[in-house]
Structures are given as structure tokens and as C-alpha cells.
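Chains as they are written, first to last, in UniProt numbering: chain A, 1 to 116; chain B, 1 to 116; chain C, 1 to 116; chain D, 1 to 116.
Where a beta carbon is used, it is the ideal one built from N, C-alpha and C, also for glycine.
In this text, all values refer to a predicted model and were calculated from it rather than measured experimentally.
The structure under discussion appears below in the form of C-alpha cells.
Protein chains: 4
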Amino acid sequence: MKDPESGGKPDLPALQRRLAEFAAARHWQPYHTPKNLVSALSVEACELVEIFQWLTPEESSLVMEDPATAARVTDEVADVLAYLLQLCEVLGIDPLSALDAKIDRNERRFPAPGPP
Amino acid sequence: MKDPESGGKPDLPALQRRLAEFAAARHWQPYHTPKNLVSALSVEACELVEIFQWLTPEESSLVMEDPATAARVTDEVADVLAYLLQLCEVLGIDPLSALDAKIDRNERRFPAPGPP
Amino acid sequence: MKDPESGGKPDLPALQRRLAEFAAARHWQPYHTPKNLVSALSVEACELVEIFQWLTPEESSLVMEDPATAARVTDEVADVLAYLLQLCEVLGIDPLSALDAKIDRNERRFPAPGPP
Amino acid sequence: MKDPESGGKPDLPALQRRLAEFAAARHWQPYHTPKNLVSALSVEACELVEIFQWLTPEESSLVMEDPATAARVTDEVADVLAYLLQLCEVLGIDPLSALDAKIDRNERRFPAPGPP
Numbered sequence: 001m002k003d004p005e006s007g008g009k010p011d012l013p014a015l016q017r018r019l020a021e022f023a024a025a026r027h028w029q030p031y032h033t034p035k036n037l038v039s040a041l042s043v044e045a046c047e048l049v050e051i052f053q054w055l056t057p058e059e060s061s062l063v064m065e066d067p068a069t070a071a072r073v074t075d076e077v078a079d080v081l082a083y084l085l086q087l088c089e090v091l092g093i094d095p096l097s098a099l100d101a102k103i104d105r106n107e108r109r110f111p112a113p114g115p116p
Numbered sequence: 001m002k003d004p005e006s007g008g009k010p011d012l013p014a015l016q017r018r019l020a021e022f023a024a025a026r027h028w029q030p031y032h033t034p035k036n037l038v039s040a041l042s043v044e045a046c047e048l049v050e051i052f053q054w055l056t057p058e059e060s061s062l063v064m065e066d067p068a069t070a071a072r073v074t075d076e077v078a079d080v081l082a083y084l085l086q087l088c089e090v091l092g093i094d095p096l097s098a099l100d101a102k103i104d105r106n107e108r109r110f111p112a113p114g115p116p
Numbered sequence: 001m002k003d004p005e006s007g008g009k010p011d012l013p014a015l016q017r018r019l020a021e022f023a024a025a026r027h028w029q030p031y032h033t034p035k036n037l038v039s040a041l042s043v044e045a046c047e048l049v050e051i052f053q054w055l056t057p058e059e060s061s062l063v064m065e066d067p068a069t070a071a072r073v074t075d076e077v078a079d080v081l082a083y084l085l086q087l088c089e090v091l092g093i094d095p096l097s098a099l100d101a102k103i104d105r106n107e108r109r110f111p112a113p114g115p116p
Numbered sequence: 001m002k003d004p005e006s007g008g009k010p011d012l013p014a015l016q017r018r019l020a021e022f023a024a025a026r027h028w029q030p031y032h033t034p035k036n037l038v039s040a041l042s043v044e045a046c047e048l049v050e051i052f053q054w055l056t057p058e059e060s061s062l063v064m065e066d067p068a069t070a071a072r073v074t075d076e077v078a079d080v081l082a083y084l085l086q087l088c089e090v091l092g093i094d095p096l097s098a099l100d101a102k103i104d105r106n107e108r109r110f111p112a113p114g115p116p
């Protein structure tokens, strides 16, 4: 499944394909309507929020120092990315192009302050 | 900013760097605590949910047929990915490795049904 | 619609009935499945989060000092409560009894520290 | 704590006071910034969404028929209401007046269809 040319490190399109094959092998596609996937995405995002909800800003910057919390945060990041890629799969959206275009727009919308 | 070797198509690490440079050029890092970024991520995920909240499952599968809705969905997908990458940046998480490891775990947790 | 005995101030059951009549008069009940209402509830909750997402804890405590922000927060609080009551309506849940029972459970789960 | 005049049934202001006393007795107020409370509110709302995320609209209408799911939904409804009331407490918002005013505005914004 992993590209030996890239040293075994998967890229985003490879992970998106792997997720699609994972769902297909388990016959989960009927559950993967766009409506359900955006709900699942928001639930996973809120599970990230839950980790941080009572922390001060300073404490929130130190979460990776505790191995158990670091593992939990990393796991939730993976869940958010998984549902986002599955949503892109069923809708035919290229997430890399979408973000590239969005940054282009934001650069025009929020010009960087220049030198004095 | 884009890698000419890859035909101009950005990959995820390149977009993550571009977002980090974008925030740094605007001096936005003080706002980008992990706690704030997960809140922003959940808000963007809910903006996706908002598009789908009154749709039937069938209608939700057709959202890309309307150009205005397709553009809105694509834009929100980009926003979710942007905040996820910025969160990974400040926490030092590799999102591709995190997801790869998560799929490995899920393959053990949910074995695919074999042939009869 | 308001109870003249209570000086015109509505109570929660009266508001729940008013919302049910409002939806019925507009033939919105087909959209008000429990699944759709919980999505709408989460979207409104995130609209509250959006107001606070870049604020420090201290700034977040002062939001009501700005009249425009105070009005926006109050409006989103109303939206969250509206969808919560509409969810209770379609599911037959009494929100006041549910919360009363929950506080009873929490008092056993988190005993208050006694005097020294 | 419960008003004997009302047959022991609490109203919303009584529950809000009970929650405030509960938090004060445990010295939890420093955690109850508006920013933290809206995060907690959104997390609880998403826990409701999680119950419904893979259900069809029809299945979602039947959740109260299963006692375990009914208890879970009721518990999450209580959690959402608890954080909403605690937010109102720290911000000085009257949730009943806020909702009453919102319905007034919505009646003007979405006029009910009249007789033919």
C-alpha cells in the first residue's frame, strides 16, 4: 500500500485511497453520505476541543509534554483528517487544491504588512 | 512556493509551511494557541455541518451539482484543513504519519470480512 | 401566549409550546428530525464558540461590555436553547427533569469538599 | 432547593441557581470563563450529534424506544442545558427573555402562511 519510492512515507492521496479501500472492504459506504461524514467530522473536532476545554492558553501549549495526552491529541488529529478525506472522496473534492486556492485568496484578502 | 518538480501541485507539507509563513508574516502566532486552533477547527467543521443540516441523505449526495454550494463546501473543506495543519504545526504533529498509524490500528480493530 | 399571572414572563414549557406552534404553522416539522435538530444545535453552539475563539480568558469575561457583541451572544444563546427545546419536543424529553436528575447524579459523583 | 409550592418540580431559574451553587461549592468558578463554557457547550452538543451520526432520519426518530439510548440522549440534553445555564450565569443573560425576544423576531422574519 505504501510507495517504496517515497521511503514508505504515505502522501495524502495515498491515505485517501487507503481509507476508501478500508470503507469499501467493510461495506461502510452506505453510511458515508456527505451529511453523515460532516457530522462525524464535527464530532471528532469536538473531541479535540474536549481535551483543551478547561486548559489555560499556557497549559494548552504544553499538551504534547504528557505522553498520554500527546497520544490522545495525535489520535484525534488522525480522526479529523480521516473524515475530511472521506468527505473529499465522496464529493470529488481535491483537498490540496482547495487549500492552495484558499491561501491564494487569503493572501489577497489579508495583505501582509510591508517593511516600514 | 510551489515545487516545480511536482508540476506546481502542492503537497501537504508544502501547504503546512505556506500556512505557517502566512501567519508569521501577519504576526498572528500569539492567537494560534492549540486551544484557540482547536476551537477554530470545530467552528469550521460546524460551518460544513450547517450546509447539510436540513438536507435529506439523498440531497446531501447532490451538493456538488449546484456550483454555488460546491464552492461553499470546497471553501469550508479548505478551512478545516488549514486549521488542522496549523494545529499540527504548533504541536509538532505529523498528520500523515498520525493517520497512517490510525488506519493500521483500525485494520486490526475492525478486521475486513473475508471470503465465504 | 404569555401567562398574565406571571407578569408576562414566559417559562420554559411555554416557550417550548410556542416554538412547536411556530414550526407547525410553517410546516417545518418534516425538517425537524432528531438528527437534523442535533446538527442545528451543534451549529448554533459553534456560532457561540466563534465569538470567543481568538479571545483571551480575560477578554472573554468582558464580552457583554460591548453592546454589539452582547446582542450577538444573547442571540446565539437563544438559538441554542430554541433547538434544544425543539429536540426535547420531538423526543418527548422534559429538559427540566433531565437536568434536575443530572445535578442529583453529579452531587453524588463529585462530593463537595466539607469543612476542615 | 426545590420549591414545595410547585410540587417539587424545578423551574429554569432554580436549576440555574443550583448549578451556580454546585460550581461554587467545588471552587470551579476559575474554570468557568465564558470561553471555556462555550467550548464545553459545543462538546456536549457534539456528543448528542455522535449518537445520531450514522442513523437514517427514520432511525433517528426512534431513538427513545431503546432505553439505553434514551437515557444517553436525555443525559446529553441535560449536559447541554447545564452548560448553557452556566454560561448565562457568568454573562448575566436571561435565557428565557432571550428566547422570547428571538421568537418575536423570527415571527416577523418568517411570517406564517395565511389562509388561501
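Going along the chain, which residues of the stretch 32-45 of chain C sit with their C-beta nearer than 7 angstroms to a C-beta in chain A? Flagged, chain order: S39 and S42.
Got a sec? Which residues, its chain only, sit under 8 angstroms from D/L84 by beta carbon, not counting five neighbours each side? Cβ neighbours of D/L84 beyond the five flanking positions: L41 and P95.
D/T56 versus chain B: which residues are under 8 angstroms apart at the beta carbon? P57
Could you check whether the Cβ of A/Q53 sits closer than 7 angstroms to any heavy atom belonging to the ligand COA? Ligands displayed in this structure: none; no statement on the ligand COA is therefore possible.
Quick one: using the 10 Å Cβ neighbour count with 16 as the cut-off for buried, is D/E76 buried or exposed? buried
Taking only beta carbons into account, state which residues of the stretch 50-83 of chain B come closer than 9 angstroms to chain C, listed in chain order. E50, F52, Q53, W54 and L55
Quick check on DSSP: helix, strand or coil for A/T74? helix
Nonlocal neighbours in the same chain, by C-beta distance under 6 angstroms from C/M64, ignoring five residues either side: A70
In the structure shown, what three-state DSSP assignment does D/E22 receive? In the sequence as displayed, the identity of residue 22 of chain D is Phe instead of Glu. It is helical.
Is D/A25 close to chain C? Criterion is C-beta to C-beta, closer than 8 angstroms. Answer yes: the Cβ-Cβ gap between D/A25 and chain C drops below 8 angstroms somewhere.
Contact set between B/A98 and chain A, taken where Cβ atoms lie within less than 8 angstroms: T74, D75, V77, A78 and L81
Could you tell me whether any Cβ in chain D is nearer than 8 angstroms to the Cβ of C/A20? no
Please determine, among B/A25, B/K102 and B/D11, the residue with the shortest C-alpha to C-alpha distance to A/P113. B/A25
Kindly list the residues whose CB is nearer than 7 angstroms to the CB of B/D3, restricted to its own chain and excluding five residues on each side of it in sequence; keep chain order. The pLDDT assigned to B/D3 is 47, lower than 50, so where the model puts this residue is not dependable; a value taken from the coordinates is nonetheless given after this. For B/D3, where only same-chain residues beyond five positions count, the Cβ hits under 7 angstroms are A14.
Unbroken alpha helix (DSSP H) run spanning C/A98, endpoints: P95 to R109
Exposed or buried, what is C/F52 when buried is set at 16 or more other beta-carbons lying within 10 Å of its beta-carbon? buried
Residue from A/T33, A/D66 and A/L55 with nearest C-alpha to D/T56: A/T33
Under the rule that 16 or more other beta-carbon atoms within 10 Å means buried, what is C/R18, buried or exposed? buried
CB-CB length for A/E44 against A/V80, believed under 8 angstroms: 5 angstroms
A/L62 beta carbon less than 8 angstroms from that of B/A82: No, they are not a contact pair.
Going by C-alpha to C-alpha distance, which of C/E58, C/A68, C/Q86 and C/D11 sits closest to C/Y31? C/Q86
Taking the alpha helix (DSSP H) that D/L37 belongs to, which residues open and close that run? P34 to F52
Does the distance from the CB of A/F110 to the CB of B/I103 come in under 8 angstroms? no
Give the DSSP-derived three-state secondary structure of C/P30 in the structure shown. helix
Residue from B/K9, B/E89, B/C88 and B/K35 whose Cα sits closest to the Cα of A/E58: Among B/K9, B/E89, B/C88 and B/K35, the Cα nearest to that of A/E58 is on B/K35.
Within 8 angstroms, strictly: CB atoms of B/C88 and B/Q16: B/C88 is a Cβ neighbour of B/Q16, given a cutoff of 8 angstroms.
Are there 16 or more other CB atoms within 10 angstroms of the CB of C/P67, so buried, or fewer, so exposed? exposed
Check whether the Cβ atoms of D/L12 and C/L12 lie closer than 8 angstroms to each other. yes
Compare the Cα-Cα distances from A/E10 to each of B/V38, B/A101, B/N106 and B/H27 and report the closest residue. Here the sequence assigns Pro to residue 10 of chain A, which means Glu is not the residue at that position. Nearest option by C-alpha distance: B/A101.
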